[in-house]
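Chemist: This is the structure, below, for whatever I ask next.
Residue numbers (our numbering), protein chains in the order written: chain A, 47 to 162; chain B, 208 to 321.
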């Protein structure tokens, strides 16, 4: 079964600094990959996704992520964070077409705190 | 285009009771998935419905059940509530069951079991 690891439970970054959130997955083939953001008490908002093709994907709010097959990683980056980026970030994978098993498997999340 | 909506927003129930949560999928989406998110955890897959049939189930007991209606809206029913059922329940819809389609999430229903 696939699994997702987000090794950083909590990250604190100064406003304007760069950000990288790590995500590693375990799966025999290349899955579909996603990053979601969750503000306190809210649902999940999709930041970006990777299905195939270019391994560097752009998302909303200035985020990007790079898929590295050799490292089974899909790290999320932002060159300059804003106070409004403070939230919980979840990496998720979905196995590629497998009827009857289209679930998303999530990591445990990384809480991002922004300091002035 | 209307997004995914869920009702109610919050709910408090007593152990042993039954609860029904509701979800309206995004316009044009025929697949609905339900997730349970305990405090401080990532969402866990409960089950998925595609064209009114259950299609895939996570590691949840049979007292978690669901329905999908012809308009693709969905219900999650939980019987014999336990304290550990306290969580945020998220509904997600997607354009189709398979293929490169992302899931769009609703705001969730916060269930507290006392």
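We put the beta carbon where it would ideally sit given N, CA and C, even for glycine. Given the structure is predicted, the values throughout are model-derived calculations rather than measurements.
1. Closest Cβ-Cβ distance between residue 112(A) and chain B: below 8 angstroms?
2. Assuming the contact rule is C-beta atoms closer than 8 angstroms, residue 279(B) and residue 236(B) should be a hit. Round their C-beta distance to whole Å, please.
3. Quick check on residue 78(A) - is its C-beta less than 8 angstroms from some C-beta in chain B?
4. For my contact list, residue 127(A) and residue 78(A) are in at a C-beta cut-off of 8 angstroms; report their separation, rounded to the angstrom.
5. Relative to the alpha-carbon of residue 81(A), which residue among 158(A), 159(A), 161(A), 152(A) has its alpha-carbon at the smallest distance?
6. When the cut-off is 8 angstroms and only beta carbons count, does residue 152(A) lie next to chain B?
7. Closer than 7 angstroms between beta carbons: that is the criterion. Which residues of the stretch 223 to 257 of chain B meet it against chain A?
8. Evaluate residue 291(B) with the Cβ neighbour count: other Cβ atoms within 10 Å of its Cβ, from every protein chain shown; 16 or more gives buried, anything less gives exposed.
9. Pull the bridge partners of residue 213(B) from the DSSP assignment, please.
10. Pick out whichever of 88(A), 133(A), 136(A), 104(A) has its Cα sitting closest to the Cα of residue 125(A).
11. What three-state label does DSSP hand residue 107(A) in the structure shown?
12. Would you call the CB atoms of residue 211(B) and residue 276(B) closer than 8 angstroms?
Modeler: On the basis of the coordinates in this document:
1. No, its Cβ sits nowhere closer than 8 angstroms to a Cβ of chain B.
2. That belief holds up - the Cβ atoms of residue 279(B) and residue 236(B) are roughly 6 angstroms apart, short of 8 angstroms.
3. So, interface residue.
4. 26 angstroms between Cβ atoms; not a contact.
5. Per the C-alpha coordinates, the member of 158(A), 159(A), 161(A), 152(A) positioned closest to residue 81(A) is 152(A).
6. Chain B contact via Cβ: present.
7. The stretch 223 to 257 of chain B vs chain A, Cβ under 7 angstroms: 240, 248, 249, 250, 252, 255.
8. By the 10 Å Cβ count, residue 291(B) comes out exposed.
9. Beta-bridge partners assigned by DSSP to residue 213(B): 230(B).
10. Per the Cα distances, 104(A).
11. Here residue 107(A) carries a helix assignment [DSSP, helix/strand/coil].
12. Between residue 211(B) and residue 276(B), the C-beta gap is not smaller than 8 angstroms, which leaves the two residues out of contact.
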